[in-house]
Amino acid sequence: MHLRQYSWLLILFYQLLIFSSCLKFHNHPKHYSSFINNLVLTRRHKFFDLFSQTLPEMSKRPRVYFDLTVGGAKAGRVVFELFSDVVPKTAENFRALCTGEKSTPGNPLHYKGSTFHRVIPHFTCQGGDFTNHNGTGGKSIYGAKFEDENFTLKHDRPFLLSMANAGPNTNGSQFFVTTVVTQWLDGKHVVFGEVVEGKDVVRAVEAVGTQSGKPTKPVVVEDCGQL
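Using mature numbering (1 follows the signal peptide of the UniProt record, and there is no 0), the letters of the sequence shown map in sequence onto residues -24 to -1, 1 to 203.
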């Protein structure tokens, strides 16, 4: 069950708790008033403790951005939210490659200036090869490759951010953005984020794709960073 679905079940349970209590106290106004005050105003109520421990801290998920050009013209900004609560290692790799903070002299680790080398309409926009720019290179902040963290999240909707690889446990810096549901990739590629702003920009990138994957116009990450 997805975390958000679980959260809604907790909310429903809480509402049922209040409703059942209202029925219990409806003939005793003073008791009812006291019950409501204790339930709503007591910050250490057991339910709220449970609720705060169960919900993921989604507000703390990092957000990063790409400013893209297509064919040399500004296309706009794409903002990604990273699922650091589910796949922290994979999310941190992408975040740091957006900021470039792990770069050292002679070892750039930065998406700025990289391209989307593989774009297939109604499927994917793939990039992240900042070393060879053709899908044969790239590296992670942990070294050349790192393991598949988990496959908890599924490719169940468009505009998801997932790791490209060359087989099991070969994650580097290459990634792809889905433009349709791609559930055949479940269990093979690690989903670690989603597009929260700039879906129209992703569609503009998709529009220059081909069935061979080679874009008809260059798609470049002119700038990137963390919000």
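Here a beta-carbon is modelled for each residue, glycine too, at the ideal position from N, C-alpha and C.
Own chain partners of residue i with C-beta closer than 8 angstroms, once the 5 adjacent residues on each side are dropped
i, result
"Q150", "Q102, G103, G104, D105, G111, G114, M139, A140, N141"
"N126", "V62, V63, V166"
"F135", "V153, T154, T155, E170, V171, K175, V178"
"H109", "S90, T91, H93"
Cβ neighbour criterion (16 or more within 10 Å) applied to residue i
i, result
"K88", "buried"
"V172", "exposed"
"G148", "buried"
"V153", "buried"
"E182", "buried"
"A51", "buried"
"T100", "buried"
"T186", "exposed"
Pair within 8 angstroms by beta-carbon distance, residue i and residue j
i, j, result
"G169", "A67", "yes"
"H93", "V156", "no"
"residue 205", "D124", "The chain is shown from -24 up to 203; residue 205 falls before or after that span and cannot be answered."
Neighbourhood of residue i by C-beta, 7 angstroms cutoff - its chain only, sequence neighbours within 5 removed
i, result
"E57", "R37, R39, G169, E170, V172"
"S116", "N69, F122, N147, G148, S149"
"R71", "P38, V40, L58, Q202"
"V46", "A180, V181, V184, K193, V195"
"D132", "V157, Q159"
"P191", "F92, V95, V184, G185"
"L129", "F59, V62, V167"
"F24", "The pLDDT assigned to F24 is 46, lower than 50, so where the model puts this residue is not dependable, and the model offers no usable value."
"C74", "V40, Y87, C200, G201, Q202"
Residues near residue i in its chain [Cβ-Cβ closer than 6 angstroms; skip 5 each side]
i, result
"G76", "H86"
"T107", "G113, G114"
"F42", "V54, V197, C200"
Bridge partners - residue i, DSSP secondary structure assignment
i, result
"I96", "T100"
"residue 204", "Residue numbering for the chain in the displayed model covers -24 to 203; residue 204 lies beyond these limits and cannot be assessed."
"V181", "Answer by DSSP bridge pairing: none, since V181 is not bridged."
"A49", "V46"
"F56", "V40, V171"
"V196", "T45, T91"
Closer than 7 angstroms: residue i CB and nearest the ligand SAH heavy atom
i, result
"G143", "This structure lacks the ligand SAH, and indeed carries no ligand of any kind."
inquiry  = Taking 8 angstroms as the cut-off, does the stretch 75 to 83 touch the stretch 176 to 185 (at least 3 CB pairs, one atom from each stretch)?
reply    = no
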